[in-house]
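Chains A and B, in that order, give the protein sequences. No gaps in the numbering here: position 12 of the first sequence is 12 in the working numbering, and each next residue is one more. To get the working numbering, take the position in the second sequence, counting from 1, and add 1000.
Number of protein chains: 2
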Amino acid sequence: MNYSQLSKEELRQIYDLQKGEYDSLVAQGYSVDIARGKPCNEQLDISMPMLAAEGIENMPKSYRNYGMLDGIPEMKKIFADMLEVDPSQVILGGSSSLNLMYDTIQRALQFGVTGGKPWNSAHVKFLCPVPGYDRHFAICEHFGIEMISIPMNEEGPNMDLVEQLVANDDAIKGMWCVPKYSNPTGITYSDAVVERLANMKTKADDFRIFWDNAYVVHDLAEVSDHLANIMVLCDKAGHPNRVYQFASTSKVTLAGAGVSCIATGKDNVKDILSHMTMQTISYNKVWQYIHYLFLKDMDNVRAIMAKQREIIKPKFDTLITAFEDSFGSDSGIASWTNPNGGYFITLDVLDGCAKRVCELCKKAGLTLTAAGAPFPYGIDVNDRTLRIAPTFTSDSDLIVATRILTCCVKLACVEKLIDIKVNAN
Amino acid sequence: MNYSQLSKEELRQIYDLQKGEYDSLVAQGYSVDIARGKPCNEQLDISMPMLAAEGIENMPKSYRNYGMLDGIPEMKKIFADMLEVDPSQVILGGSSSLNLMYDTIQRALQFGVTGGKPWNSAHVKFLCPVPGYDRHFAICEHFGIEMISIPMNEEGPNMDLVEQLVANDDAIKGMWCVPKYSNPTGITYSDAVVERLANMKTKADDFRIFWDNAYVVHDLAEVSDHLANIMVLCDKAGHPNRVYQFASTSKVTLAGAGVSCIATGKDNVKDILSHMTMQTISYNKVWQYIHYLFLKDMDNVRAIMAKQREIIKPKFDTLITAFEDSFGSDSGIASWTNPNGGYFITLDVLDGCAKRVCELCKKAGLTLTAAGAPFPYGIDVNDRTLRIAPTFTSDSDLIVATRILTCCVKLACVEKLIDIKVNAN
C-alpha cells in the first residue's frame, strides 16, 4: 500500500485508526529508550569473568608503575591484528576512543600535524558523510570547525563530491568516516571508495581522515563485511600519514571501560607521542593487561563477538520484521536499513515527518535519538532520518518500542499527507 | 668542616682523596636510577589484592555501561573525604591527574573559564613556585605560557611577591602549587600562605590556582602536616572558583593505574563538564568501583599509606644519614631537606655545581633528575638544586647511590672551590 496514492478519505480513516491506537499507547504510560547505542546487560555479562583477572600474577611488575606511554605490547598486538596494521603503528589510550579523537583534533588545531602549521591559524572545514555519528559532529561544532555534509550512498560517501572538494579547498583539513557498519546506516565502504580515499589529491597537504573503525568486529551477519585496508592503500598511494584510525573494546568488553587505540602512520605516531608525553605519563597499563588476559587473541575476540551477535541479532530482527509487517516495501512513508553489523538501524520516513515522529513517540513514552542528530548542527534538511538503537532494550520493551514507533510513523506521515492534500485543494 | 674556609692545599688533598674514591666507583660499572618519583615494587604489592576485585558482583550494572561523566558516587565520596570537600565538587577522571591538569589548561586557553574570554586571546603567564614539579612547567612551555619563578621559603611561595604580581598584571592567569609535601622541597604551605592565596586580589578575574594535592595522604612522619583547606577559605573570601584541586591514587594504589580527580567550585564543575561531555562519554567506572572496593574509606586509605611509609621511610633515612655523615651541618657545600612526606629530598649544593654533580654521577652509573629540571625552562640560575627520588630503588642500590652521590658532590664542589681560590690569586 502506497500511502501517497490514497485518497483524503482513506487517509482520514487510517488516521483515526492510528490515533485510537496511539491514545491507548499513551494511556499505558510506557517508558522505553532506544536512543543510544549501548550494549545490554546480557552482552556485558559475557565480559564479567574479565574482572577476575585470572593470570594477573604473570603481569610484568613494570606495568604497575609509570611509563610505557604507548601502552603494553600484548594489547597493541591484539589491536594490530584487529586493524591489520603493524604494532608499531598502534598507540593505546584510556577507555575512550572518542577522547583520542577529540585530543587528536585539539592537537592538530593548536600545534598542527607532523610539523605543519596549526590548523586553527585559518578557518578549518571537515567533510562529514551524512547521516553520521552525532558525537563526531559535536566535536567539530565545539571547536568551531565548519562541517560540509557529504551524502552517503550504498558504497559509502559520494566520492565524486569528496574528490572535487578536497582537491580545491585547502581549508578542508579533515574528514570523518565510520567505514564499517557505518553509524547509523550500517553501510560498509566499498573497495573502490576506500581506494579513492587513499589516492585522492588534496589541496591541503596536512589533510587527515579520521577513520573511526568503531564496529570493526561487530558483525550481525554470519560473514563479516569486507573492508579494504585503507592504511595499506595510503602507503601505496604515497600518503602514509593520511589516516588516523580509531578503535576500542567498549563494545567488545565493557562500555566506557574498554581499551582504546589509535593506529596511524609512522610520522603521526611520533608526532602524537611528542605531545602526549606532556599530557600524561602513561595510560592504565594494568587495565590493558587485564584486557589482554581476557581477550587473548583475535580468534577469541571473534568468539566473544559471536556470543554478542546471538544476543543482539534477534533485537534487530524484531524491529525489521515489525517494519516489514507495518509498512511493506512500497508504503512511500518508511524505508529502513537491515545492517550486517554495528549498532543501528536507520529509518527514513516521509520527508518533513522525522521530528514529528520523535515528538509523538516521546509523548507515548518512547525516547528516540533526536531527529536531526545524525547531521551536522543537528539539521536534517529533509527532516527524514531516524536512528534506532535496538541493543540496550529488553526484548519485551523492544516490542513496546516497535508498537509505539510504527504507530507514530503512520500517524505523523498520514497527518502530513492529509495536510498536503488539503493544501493541494 | 666548612669547605670554603679550607686552604687550597687542604682542598687539593680532599680532591685527591675523592678522585680516588670516584675512580674506583666508576670502575665498578654501577647502574642506579634515582631520577623519578616512582613507588617501589614492595609498595605496589600492597595493592595487588585490589585486582581480585572482591565484591565486584555488587557493582551496579549501569557502571558497566556508558554514562556518569563525573564518575561513581562511591569513589567521589572517598576523594571528597580525602580533600575535605563536598562530593558535588568532585569530578573523577582516568588514571592520570596530570592529564586532567593538561586538559584544564587546554580548555582555559581555548574556551576560557566559566564564560570568560579564551586565555589564549592574549599573552598568558603563570606563577611557578621554585623549585617545583618539572611536568607542570613542561605543560606551560608546551602551550607557550610564560612562567614567572616565585622563590619558595619555609612556609611556601613568597607571598609578598605573589600578591604584588597578581594584583598588577592581568596576563597572570594561573599559578601552580603543590601545597603539601611540595615537589621537590617537601614543604607544606603554612595557614598564613593558604589564607593569603585565597584572599589576594587578582587583576585577572579569571585567575586560577592549580592546586596539585598530589601528596595529600603521603606522610613520612607519624603525624601528618596540617594543610589549611583552601577551598573553604576561597569560599569565605568570595572566590569560590579560584582553585582547581587535583589528586589521584597513583601513589596510593598503582602508579599510572589509579583514579584521578579534580575538585573545584560549583561554576567550574559545570563549566568543565560542559566541555568534557564533548571529549568522552565517561571515564572507566569499573576501575573506579574496583578502587572503591579496595580502598573502602579514608581510614583504610590511611592504613594503606602507613604500610607504604614503613617501606619508604627507611630509604629517606638512608640518604639523610649519609648526608649528615658526609657533610655535617656546616660544610657550606651541601644542605638538604628532611621532609615529613612526599617523594623527594632536595639537595642544594654549592652554587654552580649542580650540573657538574649530575655529570659526574652519570659517568659513575647514577642517574639523577637533570639539574635544572625543577625550574621553568629547565634553568636553575644558581645551578644549585638537585632533586633526589629515593623510593623506587632497592635498599642495596640506594647505598650505592649515596656513595656515588656524596662523593660526586664533594668532588664537584671542591673542584669549584679550588677554581675560585686559583682565580682569586
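Glycine included, C-beta positions come from ideal geometry on N, C-alpha and C. Nothing here was measured: the structure is a model prediction, and the numbers come from that model.
Rounded C-alpha distance that separates residue i from residue j
i, j, result
"B:K1196", "B:N1241", "It should be pointed out that residue 1196 of chain B corresponds to Arg in this sequence rather than to Lys. Their Cα atoms are separated by approximately 15 Å."
"A:W119", "A:E146", "12 Å"
"B:I1281", "B:F1207", "29 Å"
"B:M1276", "A:P157", "30 Å"
"A:K201", "A:D191", "18 Å"
"A:D271", "B:H1142", "13 Å"
"A:D81", "B:A1373", "40 Å"
"A:P49", "B:T1253", "22 Å"
"A:W336", "A:P179", "19 Å"
"A:K203", "A:F210", "17 Å"
"B:R1107", "A:S326", "49 Å"
"A:L6", "A:N213", "44 Å"
"B:L1025", "B:L1098", "37 Å"
"A:S260", "A:S96", "6 Å"
"A:V130", "B:Q1308", "55 Å"
"B:V1113", "B:W1287", "29 Å"
"A:M298", "A:I78", "6 Å"
"B:E1441", "B:A1303", "The requested residue 1441 of chain B does not occur in the structure, where chain B is confined to residues 1001 to 1425."
"B:L1293", "B:T1264", "25 Å"
"A:N300", "A:N340", "20 Å"
"A:A364", "A:D134", "24 Å"
Identified DSSP bridge partners for residue i
i, result
"B:P1039", "Paired residues: none, contrary to the question."
"A:E146", "A:K125"
"B:T1346", "B:R1387"
"B:V1032", "B:L1366"
"B:D1219", "B:G1341"
"B:V1130", "B:P1151"
Exposure of residue i, with buried meaning 16 or more beta-carbon neighbours within 10 Å
i, result
"A:S149", "buried"
"B:V1223", "exposed"
"A:M1", "exposed"
"B:Y1377", "exposed"
"A:L273", "exposed"
"B:H1226", "exposed"
"A:H136", "buried"
"A:V381", "exposed"
"B:T1185", "buried"
"A:E74", "buried"
"A:A306", "exposed"
"B:T1391", "buried"
"A:D419", "exposed"
"B:Q1013", "exposed"
"A:T104", "buried"
"B:N1183", "buried"
"A:G93", "buried"
"B:A1027", "exposed"
"B:I1312", "buried"
"B:G1029", "exposed"
What are the start and end residues of each continuous alpha helix (DSSP H) run of 4 or more residues lying completely inside the stretch 152-212 of chain A, in chain order?
159-168, 191-199
Contact residues within the stretch 226-256 of chain A, judged by C-beta distance below 7 Å to chain B
L254, A255, G256
Contact list for the stretch 1278-1290 of chain B against chain A, Cβ threshold 8 Å:
M1278, Q1279, T1280, I1281, S1282, Y1283, N1284, K1285, V1286, W1287, I1290
Please identify, using Cβ separations under 9 Å, the residues of the stretch 1133-1150 of chain B that lie next to chain A, in order along the chain.
R1135, A1138, I1139, E1141, H1142, F1143
For the stretch 1079-1100 of chain B, enumerate the residues whose C-beta is nearer than 8 Å to any C-beta of chain A, in chain order.
G1094, S1095, S1096, L1098, N1099
Write down every uninterrupted run of the alpha helix (DSSP H) in the stretch 1050-1091 of chain B whose length is 4 residues or greater and which is fully enclosed by it, in chain order.
1073-1083
Inside the stretch 1233-1272 of chain B only - alpha helix (DSSP H) runs reaching at least 4 residues
none
Which runs of the alpha helix (DSSP H) at least 4 residues long sit entirely within the stretch 1320-1370 of chain B? Give them in chain order.
1354-1363
For the stretch 1096-1125 of chain B, enumerate the residues whose C-beta is nearer than 7 Å to any C-beta of chain A, in chain order.
S1096, L1098, N1099, Y1102, Q1106
Chain-ordered residues of the stretch 53-81 of chain A with a beta carbon less than 9 Å from chain B
A53, I56, E57, M59, K61, Y63, R64, N65, Y66, G67, M68
What are the residues of the stretch 293-326 of chain A that lie near chain B, defined by any Cβ-Cβ distance shorter than 7 Å?
none
Which residues, taken in chain order from the stretch 362-391 of chain A, show a beta carbon closer than 8 Å to some beta carbon of chain B?
none
If you measure beta-carbon to beta-carbon, which residues of the stretch 32-44 of chain A are closer than 8 Å to chain B?
R36, K38, P39, N41, L44
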